[in-house]
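Participant: After the structure tokens below, expect a handful of questions from me.
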Amino acid sequence: MPKHGKKYLDAVKSFDNTNLFEPKEALALVKANAKAKFDETIELSVRLSLDPRQADQQIRGAVVLPNGTGVSRKVLVFAKGEKAKEAEEAGADYVGAEELVTKIQGGWFDFDVAIATPDMMGVVGKIGRILGPKGLMPNPKTGTVSMDVARAIADVKAGKVEYRLDKAANIHVRLGKASFDVDKLLENYLTIIEILLKARPASAKGQYMKNVTVSSTMGPGVKINPLKPTGK
360 MPKHGKKYLD AVKSFDNTNL FEPKEALALV KANAKAKFDE TIELSVRLSL DPRQADQQIR
420 GAVVLPNGTG VSRKVLVFAK GEKAKEAEEA GADYVGAEEL VTKIQGGWFD FDVAIATPDM
480 MGVVGKIGRI LGPKGLMPNP KTGTVSMDVA RAIADVKAGK VEYRLDKAAN IHVRLGKASF
540 DVDKLLENYL TIIEILLKAR PASAKGQYMK NVTVSSTMGP GVKINPLKPT GK
């Protein structure tokens, strides 16, 4: 078992971790217990009653959170010609084509999100095995393969987050920072929860959300009632 510090142990004692809280109350507890010397990230974790091995039970997408994430992200765009110019004007941190592929093949990863125009996917495919495991491969489902590169860049810079069912049937999404007002964290939280509820596959059986937890980088998780994840 990992050893926890005094702040973490004090945080655990500050609430009954067997309780299932209302969303706003849970976020307020997480925010109050985020006592690190840096601005901790607040994250949502949801366990779903899905089988990740079934193609019809895969959930994946992206959404721009109404209040952003509080994190600045470096954007790389694979594009040529006018689209490369458009990307530069839209504020992309890196723009290029084959030369960027070569840099990445050499072990360079100084970016957080990769965007590509559709015509560049043949080039990007050469490093699919490198970008894929890192979650950096451009994908139409998350809006990172697009001819509208300016919009794609703006979305990322505004606080776009991706969500994807992992092998253990969990989804983890960044909600913001501990410095955010509780109401702003709640608005971001409800945006994600409502998307996940709408994404429920027709083949899903029984209780859809098994576990809903919010936590900060260094703090303990606070559980939300999975039967009423929106609080209603």
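Residues in the sequence shown are numbered consecutively from 360, following our numbering.
From the three backbone atoms N, C-alpha and C, an ideal C-beta is built for every residue, glycine too.
Please read these numbers as outputs of a predicted model, since none were measured by experiment.
What number of angstroms, rounded off, separates the C-alpha of L388 from the C-alpha of T589?
Facilitator: One C-alpha to the other measures close to 17 angstroms.
Participant: Go ahead and pull the three-state DSSP assignment for G580.
Facilitator: Here G580 sits in coil by DSSP.
Participant: Which one of L544, Y548, K493 has the shortest CA to CA distance from A391?
Facilitator: It is L544.
Participant: Between which two residues does the beta strand (DSSP E) carrying E399 extend?
Facilitator: Element bounds for E399: n/a, residue is neither H nor E.
Participant: Quick check on E399: buried or exposed, where buried means 16 or more other Cβ atoms within 10 Å of its Cβ?
Facilitator: That one is buried.
Participant: What's the gap between the Cα of T377 and the Cα of K582?
Facilitator: Cα-Cα distance, rounded: 8 angstroms.
Participant: Are the Cβ atoms of V508 and V423 separated by less than 7 angstroms?
Facilitator: Taking 7 angstroms as the Cβ cut-off, V508 and V423 do not qualify as a contacting pair.
Participant: Span of the beta strand (DSSP E) holding L388?
Facilitator: First-last for L388: 382-391, but that is the alpha helix (DSSP H), not the beta strand (DSSP E).
Participant: Would you mind stating whether A393 and S575 have Cβ atoms separated by less than 7 angstroms?
Facilitator: Going by C-beta atoms, A393 is nearer than 7 angstroms to S575.
Participant: What residue range is occupied by the uninterrupted beta strand (DSSP E) comprising E550?
Facilitator: According to the sequence provided, residue 550 is Thr. The question's Glu does not apply to it. Counting along the chain, T550 falls outside any beta strand (DSSP E), though it belongs to the alpha helix (DSSP H) covering 541-557.
Participant: Within the same chain, show all residues whose beta-carbon is closer than 8 angstroms to that of I512, passing over the 5 residues directly before and after it, in chain order.
Facilitator: Here the set comprises V434, V436, A446, A449, G450, A451, I474.
Participant: When you compare each of G487, D471, D478 to Q464 by their alpha carbons, which one comes out closest?
Facilitator: Looking at the Cα atoms, G487 is the closest of the given residues.
Participant: In terms of residue numbering, what span does the beta strand (DSSP E) encompassing R510 cover?
Facilitator: No beta strand (DSSP E) contains R510, which is instead part of the alpha helix (DSSP H) from 508-517.
Participant: Using a threshold of 7 angstroms, state whether the C-beta atoms of G565 and S408 are closer than that.
Facilitator: Their beta carbons are under 7 angstroms apart, which means G565 touches S408 by this criterion.
Participant: Could you give the residue range of the beta strand (DSSP E) that holds A473?
Facilitator: From DSSP, the beta strand (DSSP E) with A473 extends over 472-475.
Participant: Near V454, what residues of its chain come up, given a Cβ to Cβ distance below 7 angstroms and the 5 sequence neighbours on each side ignored?
Facilitator: Only V436, A438, A443, A446, E447 meet the Cβ criterion.
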